[in-house]
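Visitor: Protein chains in written order, with the working numbering: chain E, 166 to 408; chain C, 166 to 408. Let me begin by handing over the structure; questions about it come next.
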DNA sequence: CACAGTCTGTAACTAATACCACATTTTAGC
DNA sequence: GCTAAAATGTGGTATTAGTTACAGACTGTG
């Protein structure tokens with residue numbers, strides 16, 4: 166299984182070891198839209214996403230969702246369940262056809278006994294996650310939506326190494342990931358397009374003015390309000406920043 | 166050293182082992198207001214807070230701060246630096262006279278070699294942190310300030326096992342921890358007091374109506390707007406919830 | 001090809017809360 | 001205990017972004 170070799174958690178293991186793992190643990194497929202687990206359910210172990218894509222999210226009382234994570238192939242999820250925790254702290258739902266592998270608490274301990282290097286890999290992954298959350302909190306509380314979107318687009322562009330990025334998720338999902346709602350997101354993408362920062366083709370976005378996006382992400386400038394693309398250059402809006 | 170025995174990271178170690186540790190690693194004291202490290206500085210290792218209290222926080226471009234964590238005695242901090250990371254992802258500043266112990270990356274690896282149980286403790290701590298951030302993100306994006314404050318007061322009350330809680334930090338710091346500003350916090354505490362939910366004596370708060378606070382934290386009810394404490398009972402405000 | 005369903009975009013309105021200014025209280029140092 | 005400095009409280013205003021409503025675009029299906 167090629168997918169197994171690309172799993173960061175198994176970095177450093179031999180081909181044979183990975184082969185053994187691939188055979189030893191149960192798998193399951195989920196269709197797009199299917200729920201893998203719900204917040205509050207007893208958590209018996211953790212998962213690795215072998216293929217597909219899924220979202221980890223929270224729901225408010227009113228039903229509003231905040232996506233915590235988009236999990237891509239190769240990444241583990243619900244690792245928190247392995248330790249201190251007995252119930253899942255969030256929801257997990259496939260956003261496309263996905264295949265996952267499950268590791269019970271006991272199985273993981275067995276695993277670690279055989280290959281101690283796995284535990285260091287796990288620590289590295291957890292600390293990466295922590296750093297990710299650190300940034301998410303910063304973005305949500307210290308930045309406004311246009312800045313968050315700009316930062317996210319730049320992140321995607323860097324990851325794909327291209328000026329043209331495909332979201333991979335719907336606009337509504339993107340809104341949830343950025344901590345906002347589709348309407349607001351729509352307005353902002355329209356403003357960005359109007360300002361000549363990006364161009365949109367459905368779920369595909371082309372970055373036109375990378376420097377402008379970066380300045381926006383860093384909070385060095387605002388985003389034009391009107392839709393017209395002919396305005397006095399320089400910053401506008403956000404008068405607080407003038408002070 | 167008694168403080169050492171209370172460090173969760175060293176849970177399961179013998180007295181002698183802890184004694185050795187207490188002697189083997191460097192310490193340093195910081196006065197209230199002193200900075201331990203800044204975001205972006207190279208991170209060589211992690212710390213344990215032996216006594217005192219400190220805040221881990223982020224700063225926005227405009228200088229607004231968001232506190233990520235209030236670290237209490239016994240807790241490690243900047244553990245993220247041990248793995249994947251080479252620079253601190255946030256600031257750390259003592260909010261009162263504090264003493265910390267430092268563990269370099271190398272020292273930690275040595276430590277783990279001698280006492281493998283430490284690595285499991287570390288994993289447990291990291292996953293607790295992860296869960297904490299999960300909630301912080303949820304609160305910031307899905308809840309409004311009154312709900313966050315109510316949840317925080319209940320958290321403190323549970324931790325201290327008393328109806329009367331002392332904040333331990335200034336109101337301004339609390340505002341930053343809740344992702345808001347002192348003025349807004351002040352208004353909300355006034356409304357809570359007016360609504361008979363709490364009573365305030367400086368940095369000491371007494372919970373009067375625990376059920377009411379819980380209902381508020383869960384989003385089951387809103388918070389009266391006017392200062393008057395005589396109003397129609399039941400929920401008000403937040404008409405969206407009626408739908 | 002028509003239909004239903006979902007996703008996306010636009011507009012008007014509103015609510016929460018940040019911003020600014022200032023009064024008041026508390027704290028700390030002398 | 002007095003004074004300066006910091007923290008806190010309060011009023012008024014401005015702004016971001018959520019809410020509601022609806023129209024158009026896209027998708028897949030019979």
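Beta carbons are placed, not taken as given, at the ideal position from N, Cα and C, and that holds for glycine.
Give a yes or no on whether the C-beta atoms belonging to residue 372/E and residue 322/E are separated by under 8 angstroms.
Guide: In contact: residue 372/E and residue 322/E (Cβ atoms closer than 8 angstroms).
Visitor: Below 7 angstroms on C-beta distance, what does residue 282/C contact in chain E?
Guide: The contacting residues do not exist; residue 282/C stays about 12 angstroms from chain E at best.
Visitor: With residue 247/C and residue 270/C assumed to form a contact (beta carbons below 8 angstroms), what rounded beta-carbon distance in angstroms separates them?
Guide: With 8 angstroms as the limit, residue 247/C and residue 270/C qualify as a contact, their Cβ atoms being about 6 angstroms apart.
Visitor: Excluding the 5 residues preceding and the 5 following residue 231/C in the sequence, name in chain order all residues of the same chain whose CB lies nearer than 7 angstroms to its CB.
Guide: Once the five neighbours on either side are set aside, the close Cβ partners of residue 231/C are 222, 223, 341 and 344.
Visitor: Please state if the CB of residue 258/E and the CB of residue 219/E are separated by a distance shorter than 8 angstroms.
Guide: Against a cut-off of 8 angstroms, the Cβ pair of residue 258/E and residue 219/E comes out as a contact.
Visitor: Which runs of the beta strand (DSSP E) fall wholly inside the segment 215–260 of chain E and span at least 3 residues, in chain order?
Guide: Entirely contained in the segment 215–260 of chain E, the beta strand (DSSP E) runs reaching 3 residues are, in chain order, 218–224, 230–237 and 256–259.
Visitor: Can the beta-carbon of residue 318/E be found closer than 8 angstroms to that of residue 370/E?
Guide: Yes, the pair counts as a contact, with Cβ atoms nearer than the cut-off.
Visitor: Please give the ranges of any beta strand (DSSP E) in the segment 327–365 of chain C, keeping only runs that are unbroken, at least 3 residues long and fully inside the region.
Guide: Segments of the beta strand (DSSP E) lying fully in the segment 327–365 of chain C: 329–331.
Visitor: Work out the CA separation of residue 167/E and residue 368/E for me, nearest whole Å.
Guide: Residue 368/E and residue 167/E: Cα-Cα distance of roughly 29 angstroms.
Visitor: For residue 277/E, name the three-state secondary structure that DSSP assigns.
Guide: In this structure, residue 277/E counts as helix in the three-state DSSP scheme.
Visitor: If you draw a straight line from the C-alpha of residue 332/C to the C-alpha of residue 190/E, how long is it?
Guide: In a straight line, the C-alpha of residue 332/C is about 48 angstroms away from that of residue 190/E.
Visitor: Using the three-state DSSP reduction, which class does residue 266/E fall into: helix, strand or coil?
Guide: Three-state result, residue 266/E: strand.
Visitor: How big is the Cα-Cα spacing for residue 173/E and residue 287/E?
Guide: Their Cα atoms are separated by approximately 9 angstroms.
Visitor: With a 10 Å radius around its C-beta and 16 neighbouring C-beta atoms as the bar for buried, classify residue 135/E as buried or exposed.
Guide: Summary: the structure shown does not reach residue 135/E, with chain E confined to residues 166 through 408, and so no result is reported for it.
Visitor: Leaving aside the five residues before and after residue 197/E along the sequence, list all residues of the same chain whose C-beta is less than 7 angstroms from its C-beta, in chain order.
Guide: Taken in chain order, the residues that qualify are 259, 260, 261 and 262.
Visitor: Could you check if residue 376/C is buried or exposed, using at least 16 other CB atoms within 10 Å of its CB as the buried criterion?
Guide: Residue 376/C is exposed by the Cβ-count criterion.
Visitor: Among residues of its own chain, excluding the 5 on either side of residue 175/E, which ones have a beta-carbon nearer than 6 angstroms to its beta-carbon?
Guide: Result list for residue 175/E: 183, in chain order.
Visitor: Taking the alpha-carbon of residue 241/E as reference, which of 388/E, 337/E, 228/E and 169/E has the nearest alpha-carbon?
Guide: When each option's Cα is compared against that of residue 241/E, the closest is 169/E.
Visitor: Quick one: what does DSSP say residue 210/C is sitting in, helix, strand or coil?
Guide: Looking at residue 210/C - three-state DSSP - the assignment turns out to be strand.
Visitor: Among 255/E, 199/E, 195/E and 386/E, which has the Cα closest to the Cα of residue 215/E?
Guide: It is 195/E.
Visitor: Check the Cβ-Cβ distances between residue 303/E and every residue of chain C, and say whether any is below 8 angstroms.
Guide: Closer than 8 angstroms: yes.
Visitor: So is residue 316/C buried or exposed if we call it buried at 16+ other beta carbons inside 10 Å?
Guide: That one is buried.
Visitor: Short of 8 angstroms in beta carbon distance, which residues of its chain neighbour residue 209/C, apart from the five on each side in sequence? Order them along the chain.
Guide: Excluding sequence neighbours, residue 209/C sits near 246, 269 and 270.
Visitor: Does any C-beta atom of chain C lie closer than 8 angstroms to the C-beta of residue 292/E?
Guide: Yes - at least one Cβ of chain C is within 8 angstroms of the one on residue 292/E.
Visitor: With a cut-off of 8 angstroms, does the C-beta of residue 223/E fall near any C-beta of chain C?
Guide: For residue 223/E, the answer is yes, since a Cβ of chain C falls inside 8 angstroms of its Cβ.
Visitor: Got a sec? Which residues, its chain only, sit under 8 angstroms from residue 405/E by beta carbon, not counting five neighbours each side?
Guide: Its pLDDT being 32, under 50, residue 405/E is placed unreliably in this model, and the value from its coordinates should be taken loosely. The answer is none, since no qualifying residue turns up.
Visitor: Answer with yes or no whether the minimum CB distance from residue 299/C to chain E is below 8 angstroms.
Guide: It does: the Cβ of residue 299/C has a partner Cβ on chain E nearer than 8 angstroms.
Visitor: So what does DSSP say about residue 402/C, is it helix, strand or coil?
Guide: Any answer about residue 402/C is weak, because its pLDDT of 33 lies below 50 and its placement is not dependable; what the coordinates show is given next. Residue state, collapsed to three classes: coil.
Visitor: Might you give, ordered along the chain, the residues of its own chain that have their beta carbon closer than 6 angstroms to the beta carbon of residue 282/E, omitting 5 neighbours on each side?
Guide: Cβ neighbours of residue 282/E beyond the five flanking positions: 177.
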